[in-house]
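Right, one structure below, let's go through it.
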Amino acid sequence: MTDEPARLTWSNLRYVPRLLRFIWTASPHNAVLALLAALLSSIIPPAQIWLFKVIVDRVYAAAQLSAPTDWAYLMTPLAWMTGVWILDIAGQGFNREIRALLGIRVRLHTEYCLLEKSSQLDMAFFETSIFFDRMHNARQTIGHAHNLPVLILGIVSSMISLTGLLVLLAQLHPFAVIILLLSTIPQLFIRALHADRMWSNQLQNTTARRMVDYLADLLSSRDAMKEVRLFSLDRLFLGRYRAFWEKRFSEERTLRLGEEKWNAILGVVAALGTGGIWAYAIMQAVVGRISLGDITMVFQAANQSRRSLEEIFGRGGLFYKHALYARSLFEFLDVQRTQVEGALIVREDLTPVPRPIEHTIEFRNVSFHYPGTEQMILRDVSFVLNAGETLAVVGQNGTGKTTLVKLLARYYDPSEGSILVDGIDLRQFDPEEWQRELGVIFQDFLRYDLTVRENIGYGDVEKLQDTAAIAAAAKKAGCQPFIEELPQQYETMLGRRFDKGIDLSIGQWQKLALSRALLRNSQILILDEPTAALDALAEYDLYQRFKELTEGRTTVFISHRFSTVRMADRIVVIEEGRANEQGSHDELMTLGGQYEQMYSKQAGQYK
Numbered sequence: 000m001t002d003e004p005a006r007l008t009w010s011n012l013r014y015v016p017r018l019l020r021f022i023w024t025a026s027p028h029n030a031v032l033a034l035l036a037a038l039l040s041s042i043i044p045p046a047q048i049w050l051f052k053v054i055v056d057r058v059y060a061a062a063q064l065s066a067p068t069d070w071a072y073l074m075t076p077l078a079w080m081t082g083v084w085i086l087d088i089a090g091q092g093f094n095r096e097i098r099a100l101l102g103i104r105v106r107l108h109t110e111y112c113l114l115e116k117s118s119q120l121d122m123a124f125f126e127t128s129i130f131f132d133r134m135h136n137a138r139q140t141i142g143h144a145h146n147l148p149v150l151i152l153g154i155v156s157s158m159i160s161l162t163g164l165l166v167l168l169a170q171l172h173p174f175a176v177i178i179l180l181l182s183t184i185p186q187l188f189i190r191a192l193h194a195d196r197m198w199s200n201q202l203q204n205t206t207a208r209r210m211v212d213y214l215a216d217l218l219s220s221r222d223a224m225k226e227v228r229l230f231s232l233d234r235l236f237l238g239r240y241r242a243f244w245e246k247r248f249s250e251e252r253t254l255r256l257g258e259e260k261w262n263a264i265l266g267v268v269a270a271l272g273t274g275g276i277w278a279y280a281i282m283q284a285v286v287g288r289i290s291l292g293d294i295t296m297v298f299q300a301a302n303q304s305r306r307s308l309e310e311i312f313g314r315g316g317l318f319y320k321h322a323l324y325a326r327s328l329f330e331f332l333d334v335q336r337t338q339v340e341g342a343l344i345v346r347e348d349l350t351p352v353p354r355p356i357e358h359t360i361e362f363r364n365v366s367f368h369y370p371g372t373e374q375m376i377l378r379d380v381s382f383v384l385n386a387g388e389t390l391a392v393v394g395q396n397g398t399g400k401t402t403l404v405k406l407l408a409r410y411y412d413p414s415e416g417s418i419l420v421d422g423i424d425l426r427q428f429d430p431e432e433w434q435r436e437l438g439v440i441f442q443d444f445l446r447y448d449l450t451v452r453e454n455i456g457y458g459d460v461e462k463l464q465d466t467a468a469i470a471a472a473a474k475k476a477g478c479q480p481f482i483e484e485l486p487q488q489y490e491t492m493l494g495r496r497f498d499k500g501i502d503l504s505i506g507q508w509q510k511l512a513l514s515r516a517l518l519r520n521s522q523i524l525i526l527d528e529p530t531a532a533l534d535a536l537a538e539y540d541l542y543q544r545f546k547e548l549t550e551g552r553t554t555v556f557i558s559h560r561f562s563t564v565r566m567a568d569r570i571v572v573i574e575e576g577r578a579n580e581q582g583s584h585d586e587l588m589t590l591g592g593q594y595e596q597m598y599s600k601q602a603g604q605y606k
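Going by numbering that gives the first Met the number 0, the sequence shown opens with residue 0, and the numbers climb by one from there.
In structure tokens, the structure reads:
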């Protein structure tokens with residue numbers, strides 16, 4: 000064993016106290032009951048061995064006497080032994096159930112903490128591969144969390160039991176205890192070293208494991224299956240999946256065989272140590288220094304002590320392995336929301352969001368690159384939008400249009416420049432307070448496989464049970480006709496994930512997403528390609544009601560449909576990350592620049 004694994008081994012033990020507190024927090028009541036059950040079960044093995052020794056000694060003494068047998072004297076330890084057996088049988092069932100319940104609580108607590116932490120982290124984290132590796136390793140803890148209480152309580156119980164057994168064994172000779180410990184303790188270090196090597200191997204394969212998990216999702220996803228089947232990608236993906244796991248199997252087999260080789264060698268050493276203690280006990284009995292009951296006690300105590308030590312080391316090795324997972328969990332839970340490049344900086348001296356916004360929203364010399372990259376997506380973008388106006392953002396794909404609205408939504412802060420609302424820098428607002436002023440629909444909007452009510456109501460959870468408000472938003476977005484045809488209308492389950500779910504067309508899903516954005520009583524409406532999935536009639540209907548939908552709100556929308564764009568009060572043309580043109584439709588057509596070219600080409604398709 001090298002120094003490096005040893006240092007790694009001991010450094011990981013610092014997470015044990017926190018792990019114990021974590022388990023306690025998950026369920027204090029069950030933790031107390033489980034600990035009491037463990038304490039009770041721990042005293043049974045030494046008690047049984049000692050009572051058996053007393054029974055043997057009393058039976059042997061009675062057999063040597065010619066006087067009448069004192070049956071009460073003989074049967075008293077047997078009665079105690081029977082009571083201990085009954086207690087053991089009754090306690091095992093209780094012990095098993097309470098540990099299982101505690102394990103379930105720990106698993107649920109672990110998953111909740113991970114989900115809570117993920118929901119609190121800055122959006123910038125989700126732009127880096129390293130973050131997904133760390134989150135993947137932390138989530139592996141969930142599958143092991145329920146075993147932690149069982150292992151810890153098993154170790155505690157075995158250690159208390161071992162203490163009693165060693166006290167009994169020491170009656171033969173204190174040196175017997177030393178021999179037993181020296182012959183078995185090396186197994187603990189082998190198991191810890193093996194756990195380190197297994198964990199290191201897993202860390203090295205984290206990214207590859209995420210890749211095969213992604214391939215597995217593609218092979219089982221309803222949305223991906225159509226293309227996977229069409230291009231016969233299933234065999235390719237299955238081949239990669241199998242190749243990864245064959246490699247992992249080979250690596251784990253090598254590691255496990257190495258551990259078992261050392262376990263076998265050290266097992267022989269432990270057996271020889273126990274055999275030596277037995278031999279010494281026999282010699283002491285032959286010369287009359289210990290009784291027949293003593294020798295039975297020593298035989299059982301030595302054998303049971305060796306088994307207890309093996310259980311402790313076995314459970315200890317598993318616990319150490321799980322502690323490594325806990326290390327990933329705690330490192331993930333300890334991540335600060337600003338501990339990443341590009342994280343939002345929330346100031347202490349926050350300014351309330353203006354209600355209403357009375358003057359302007361201004362982008363002033365805004366440049367931006369995503370965390371972990373150096374490529375500027377937006378470069379020195381400047382424009383002013385008056386309160387209550389509608390702004391259309393147009394341009395070729397990949398020019399930074401969606402990034403612009405993400406900055407307005409304050410998912411990210413500008414790398415350079417500033418965004419001003421009534422002259423106040425957006426960074427002076429609390430992000431959550433600002434985002435409550437936004438109603439947003441992105442091009443890659445979510446389709447919740449839940450009820451119609453939830454698909455709309457999630458736009459403002461306070462109105463989730465407000466049927467009138469939900470129906471009004473649905474009517475504005477043009478959802479009402481198809482909702483009325485659904486079997487349970489707003490209570491109809493959507494999607495194919497759950498029983499009796501009904502799927503919708505992509506256009507109908509987009510209308511629901513629009514309803515979600517309209518439900519919130521927001522000052523600003525952000526629409527990213529709001530008509531991309533609508534058919535011609537639905538798009539025409541939306542155009543006719545566009546003023547109604549945006550009335551009383553400052554609206555920013557992205558669209559490639561110039562029949563929609565021309566309705567905007569102001570248009571900004573983004574080209575290669577720059578706002579090269581801006582003005583009204585008529586002004587930009589007169590300018591004869593990129594906007595005029597794009598508009599004319601699209602209009603020419605309908606001639």
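Cβ coordinates follow ideal geometry from the N, Cα and C atoms, glycine included.
Remember, it's a predicted structure, so these values are computed and weren't measured experimentally.
Is DSSP giving residue 207 helix, strand or coil here? Collapsing the DSSP output to three states places residue 207 in a helix.
Starting from residue 378 and walking both ways along the beta strand (DSSP E), at which residues does that stretch end? If you look at residue 378, you'll find it in the beta strand (DSSP E) that goes 377 to 385.
Is the beta carbon of residue 37 sitting closer than 9 Å to the one on residue 155? yes
Let's see if you can read the secondary structure: which residues bound the beta strand (DSSP E) around residue 574? 569 to 574
Inter-residue Cα distance where the pair is residue 300 and residue 164: 5 Å
Short Cβ contact (9 Å threshold) for residue 318 with residue 150: The answer is yes: Cβ separation under 9 Å.
Anyone know if the C-beta pair for residue 436 and residue 352 falls short of 9 Å? yes
If you draw a straight line from the alpha carbon of residue 16 to that of residue 508, how long is it in whole angstroms? 49 Å
Using a Cβ-Cβ cut-off of 8 Å (strictly less than) and excluding sequence neighbours within five positions of residue 375, which residues of its own chain qualify? 366, 367, 368, 414 and 576
Going by DSSP in three states, residue 359 sits in which element: helix, strand or coil? strand
Quick check on the burial criterion: 16 or more other C-beta atoms within 10 angstroms. Buried or exposed for residue 115? Taking a 10 Å sphere around the C-beta of residue 115, we find fewer than 16 other C-beta atoms and assign the residue as exposed.
DSSP state of residue 125 mapped onto helix, strand, coil: helix
For the alpha helix (DSSP H) holding residue 100, just list the boundary residues, first then last. 70 to 119
Only counting runs of 4 or more residues, tell me where the alpha helix (DSSP H) segments fall wholly within the region 257 to 335, in order along the chain. Along the region 257 to 335, the alpha helix (DSSP H) occurs as fully enclosed runs of 4 or more residues at 291 to 332, listed in sequence order.
Burial state of residue 231 (16 or more Cβ within 10 Å): exposed
Boundaries of the beta strand (DSSP E) in which residue 444 is found, first to last residue: Where residue 444 is concerned, there is no enclosing beta strand (DSSP E), given that its DSSP letter is neither H nor E.
In whole angstroms, what separates the C-alpha of residue 497 from that of residue 448? 8 Å
As assigned by DSSP and simplified to three states, the class of residue 428: coil
Within the continuous alpha helix (DSSP H) that includes residue 57, where are the two ends? Per DSSP, residue 57 belongs to the alpha helix (DSSP H) from 43 to 63.
Buried versus exposed, by CB contacts within 10 Å (16 or more), residue 49: buried
My understanding is that residue 555 touches residue 332, with C-beta atoms under 8 Å, so please give their C-beta distance in whole angstroms. Contact between residue 555 and residue 332 is ruled out by a C-beta separation of about 36 Å, above the 8 Å threshold.
Would the beta-carbon of residue 312 fall within 9 Å of that of residue 183? yes
Going by the beta-carbon positions, is the gap between residue 526 and residue 558 smaller than 9 Å? yes
Less than 8 Å between the CB atoms is what I'm expecting for residue 501 and residue 513, so what's the real figure, rounded? Not a contact, Cβ separation roughly 19 Å.
Spatial neighbours of residue 347 within its chain, please: C-beta separation below 8 Å, excluding the five flanking residues on both sides. none
Tell me which same chain residues have a C-beta within less than 8 Å of the C-beta of residue 490, skipping the five on either side of it? Correct list, in chain order: 450, 451 and 452.
Distance between residue 144 and residue 108 (C-alpha atoms, nearest Å): 9 Å
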